[in-house]
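Heads up, the sequence shown is in my numbering, so the first residue is 11 and it goes up one at a time.
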Amino acid sequence: MAARADGLLWQKDAPIIRRIDENDVYKIMMMYFIWTYYPNLKVKFGFTNRTTAVPLSKYVRVDEIREQCEAVAAMRFTDDIIAIYQSWGLFKPEFLSALKELRMDMPLIEKNGDTLRIEAEGNWLSTTPWETQILPIVSELYARGYAAEHDISELDLFNEMDRRLSEKIDLFKRNLYLRIMQFGLRRRVSGPGEEHVTARLLDEVPQVITGVSNMYLANKYGVEAQGTNAHELVMALVALARHIGPNAMCDTLYTILQQWQELYGHKALIILDDAYGSDVFRAELPRKYLESFRGFRHDSGDPIQYGEDTIALYEKARIDPRNKLIIFSDGLNPQRAVDLYQHFAGRIGVAFGMGTNFTFDVGLIKPLSLVMKIQEAAGNPAVKFSNNLAKAVGDPKEIEYYKEVFGYTNTFREDVVY
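Right under this line is the structure:
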């Protein structure tokens, strides 16, 4: 496909975040959860570049981030956006009214040696959107800065991304049984880049692409906005329970499932179980959630072992795994998706969430593993360690305490892909 003429990747005279609904759908669903159950909880988010070998502050200036965040802070949930949410039939009118009044306080943004310190603090409802809007801002500014520093042309980047996308599409055409959600907002080379990838995928392999996490693009292209939920809920609410004690911290894992199901019925019922180790989570998981939830999302650790353990879990509970689903979403590429599907075909339902490999696969610039996680809730420190200790975030002493609380003994560690 020939390179476009309308800005290619970067529209430097326009905000990186185009509208306030240019955010992942799981974020608005979690905001409804927060508004319903924890409207007064105070939290703090912190930014981390897990690709520590890259000196991020060399390529991204604090004033650039601040300018982009100021543009986001000025945005509002307008009537047309509220009408879209209303059409989903998921949210109470009072919540939609609250969104129209929502105001986001500016985050703290500072240079911190060769990295960046970015923190967003305040009421949970008005602070949580920053996570999935700061990440694409920093990711795009990094790409722009790196390209300028190394004299890489925007045209060359775009054409290489498009060439690689063509290879992916060719593979998908040979494997039309795949079901993939486009999850690439958070770590994308740019907004126009994500849109270009999304448009081509939906045009050329609509059988494969079941939805898009970016609500703005999902609405623009008439596809379902798809997502699950995030570690954020568990991290915040376990931290909230910390002052009560270890038993309350453990019980919180399942309280969240109950509350989510009460809120959404039989929609969006996917379990993300790895925040403090999947084995730990599953050891006390009530059978009723195995029955009522559609399946699990894999986000860390060996995916084959995870899938085999999931099948065994269902079989032990006398539930047919063929009626359940695993969504694989950890550092995927198209060939890995094919391999995983073929391994589990006919034994359990399989779908995929692919992000960075779609939206920051430009060859000439390596994508970074950027995250923005809960650091505190109600003044208590928050951590997670997942099934891969390389993904652990939080104070090391606090991580050790949490390991004791949850009986976590895993030692698996592998480099984080994205």
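Quick reminder that beta carbons are idealized off the backbone N, C-alpha and C, glycines included.
- The residue from Ile321, Met382, Ala402 with its alpha-carbon nearest to that of Pro117 is Met382.
- In the DSSP assignment, Ile384 falls within the beta strand (DSSP E) that extends over 380 to 387.
- For a cut-off of 8 Å, the C-beta gap from Phe362 to Ile337 is around 7 Å, short enough to register as a contact.
- Check the Cα spacing between Tyr286 and each of Ile409, Ile266, His206, Pro331: the tightest is with Ile409.
- Looking at the DSSP output, Asp34 bridges to Asn224.
- Every alpha helix (DSSP H) stretch that sits fully inside the region 320 to 355 and reaches 4 residues is listed by chain position as 344 to 354.
- The three-state secondary structure of Gln21, taken from DSSP, is coil.
- Looking at His276, Ala278, Asp283, the one whose alpha-carbon comes closest to that of Tyr264 is Asp283.
- Thr238 counts as buried, since at least 16 other C-beta atoms from the protein chains shown sit within 10 angstroms of its C-beta.
- In terms of Cα proximity to Tyr226, the closest of Phe87, Pro65, Phe368, Cys79 is Phe87.
- Beyond the five residues adjoining it in sequence on each side, Ala235 comes within less than 6 Å, by CB distance, of Val35, Met225, Ala228 in the same chain, given in chain order.
- Residue pairing of Ile219 in beta bridges, as defined by DSSP: Ile190.
- With contacts defined as CB atoms closer than 8 Å, Trp140 and Met114 qualify as a contacting pair.
- For Glu74, the uninterrupted alpha helix (DSSP H) segment begins and ends at 72 to 83.
- The DSSP assignment places 280 to 282 as complete runs of the beta strand (DSSP E) inside the region 249 to 299, in order along the chain (cut-off: 3 residues).
- One alpha carbon belongs to Thr46, the other to Val290, and they sit about 28 Å apart.
- In this chain, the beta strand (DSSP E) harbouring Gly132 covers 125 to 133.
- Annotation for Ile119: the continuous beta strand (DSSP E) segment containing it runs 118 to 122.
- Residue Ser149 holds the alpha-carbon nearest to the alpha-carbon of Val64 among Phe55, Ser149, Ile26.
- Taking one beta carbon from each stretch, the region 91 to 106 and the region 36 to 44 have 3 or more pairs nearer than 8 Å; the two touch.
- If you draw a straight line from the Cα of Val218 to the Cα of Ile179, it is about 10 Å long.
- The beta carbon of Leu350 sits closer than 7 Å to those of Pro313, Phe338, Val360, all from its chain and outside the five residues before and after it, given in chain order.
- Annotation: the continuous alpha helix (DSSP H) that includes Arg210 extends over 201 to 214.
- Sixteen is the threshold: when 16 or more other Cβ atoms of the shown chains lie within 10 Å of the Cβ of Asn367, as they do, the residue is buried.
- Beta-carbon to beta-carbon, Phe193 and Gly365 are separated by about 4 Å, close enough to satisfy the 8 Å threshold.
- Leaving aside the five residues that flank Pro377 on each side, the residues in its chain whose CB is nearer than 7 Å to its CB run, in chain order, Arg197, Thr366, Phe370, Tyr428.
- DSSP places Met364 in the uninterrupted beta strand (DSSP E) bounded by 359 to 364.
- Taking the C-beta atoms as reference points, Ala387 is found no nearer than 8 Å to Val70.
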